[in-house]
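A.B. asks: Okay, so the sequence shown: first residue is 70 according to this note's numbering, each after it adds one.
Beta carbons are placed, not taken as given, at the ideal position from N, Cα and C, and that holds for glycine.
The structure follows.
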Amino acid sequence: MTVAETLAAYYAAFNRQDAEGMLALLANDVVHEPSQGTARHGKQAFREFLAHMNRCYAEQVIDPVFLTGEDASRGAAEFMLDGRYLETDEGLPPATGQTYRLRVGAFFALENGLITRVSNHYNLADWTQQVQSA
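As structure tokens, this is what we get:
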């Protein structure tokens, strides 16, 4: 698969809430760098993160655009994220089923066709304002 095909498969699995499909595209030593918080290391940590996210949020990636490097070692995605806040996440406002829409940027490193780094970036203040005013 090309980098763009790998990223498209990753987000297709995300939209299905298919954690195992996402994990199949990751290297065992993957590093996940969230927009806020501490980096996670390894597939098991990523698996736990996905379970948490699927419990607290229902999200869909809308119209992703992929950018790739020439040597198949880097890629990026920009997209809109439509979501619903299902269960209160620690340290965040109470969940009451609020909906939100965010622009997200994600950066990837790949090696031997597998994702070795996922770095997500979004505006937490915008998200917070949306769920507090809903």
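Pick from I184, S188, L161: whose alpha carbon is nearest that of D195?
C.D. replies: Mapped onto the sequence shown, residue 195 falls at position 126. It is L161 whose Cα lies nearest to the Cα of D195.
A.B. asks: Would you say Y79 and M70 are within 8 Å of each other, going by their C-beta atoms?
C.D. replies: Start at 1 with the first residue of the sequence shown, and residue 79 comes out as number 10. Start at 1 with the first residue of the sequence shown, and residue 70 comes out as number 1. No. Outside cutoff.
A.B. asks: To the nearest angstrom, how far is it from the Cα of T107 to the Cα of M122?
C.D. replies: Taking the first residue of the sequence shown as position 1, residue 107 is located at position 38. Taking the first residue of the sequence shown as position 1, residue 122 is located at position 53. So the two alpha carbons sit approximately 15 Å from each other.
A.B. asks: I need the DSSP call for A164, collapsed to helix, strand or coil.
C.D. replies: Looking up residue 164 in the sequence shown gives position 95. Coil.
A.B. asks: Does the Cβ of H101 have 16 or more other Cβ atoms within 10 Å, making it buried, or fewer, making it exposed?
C.D. replies: Here residue 101 refers to the residue found at position 32 of the sequence shown. It counts as buried.
A.B. asks: CB G111 to CB V99, shorter than 8 Å?
C.D. replies: Counting from one through the sequence shown, the residue named residue 111 turns up at place 42. Counting from one through the sequence shown, the residue named residue 99 turns up at place 30. Their beta carbons are under 8 Å apart, which means G111 touches V99 by this criterion.
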